[in-house]
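>
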Amino acid sequence: VDSSSFLVWKDEAFALWLKLWASLYEEASQSAQLLREIHDSYFLVSIVDNDFVNGNIWDLFETPADAAVAP
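Counted from 1, the sequence shown has number 49 at position 67 by my numbering; the numbering is strictly sequential.
#1: For Leu0, which residues of its own chain have a beta-carbon under 6 Å away from its beta-carbon, when the five flanking residues on both sides are left out?
#2: Short check: CB of Ser28 to CB of Val(-17), under 7 Å?
#3: For Ala(-3), count neighbouring Cβ atoms within 10 angstroms of its own Cβ and tell me buried if that reaches 16, exposed if not.
#4: With H, G and I counted as helix, E and B as strand and the rest as coil, what does DSSP make of Ser23?
#5: Just to confirm my understanding: we take Tyr7, look at its own chain, exclude 5 residues before and 5 after, and list those with CB closer than 7 Å. What are they?
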């Protein structure tokens, strides 16, 4: 993924949390507060498997994090 495109898309994606989703709820509601918390504390990542012929990107998500770094 091109880094310039990702940075623009990231800004657009996170803006939607507040401009679109949070605006559907009363400002003081738990739902709006949750959306603001997600907006303020989550990270957007792009995960790319460069071995697209033999790779298995889903292994990353199926293996518990502690098992992935175990000796």
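Note that beta-carbon positions come from the ideal geometry of N, C-alpha and C, so glycine has one too.
Answer, in terms of the structure:
#1: Closer than 6 Å at the Cβ level, and outside the excluded window around Leu0, lie His21.
#2: Yes, the Cβ-Cβ distance between Ser28 and Val(-17) is below 7 Å.
#3: Counting the other CB atoms within 10 Å of its CB gives Ala(-3) a total below 16, which places it among the exposed residues.
#4: In this structure, DSSP gives Ser23 a helical state, which the three-state scheme calls helix.
#5: Ser13 and Ala14.
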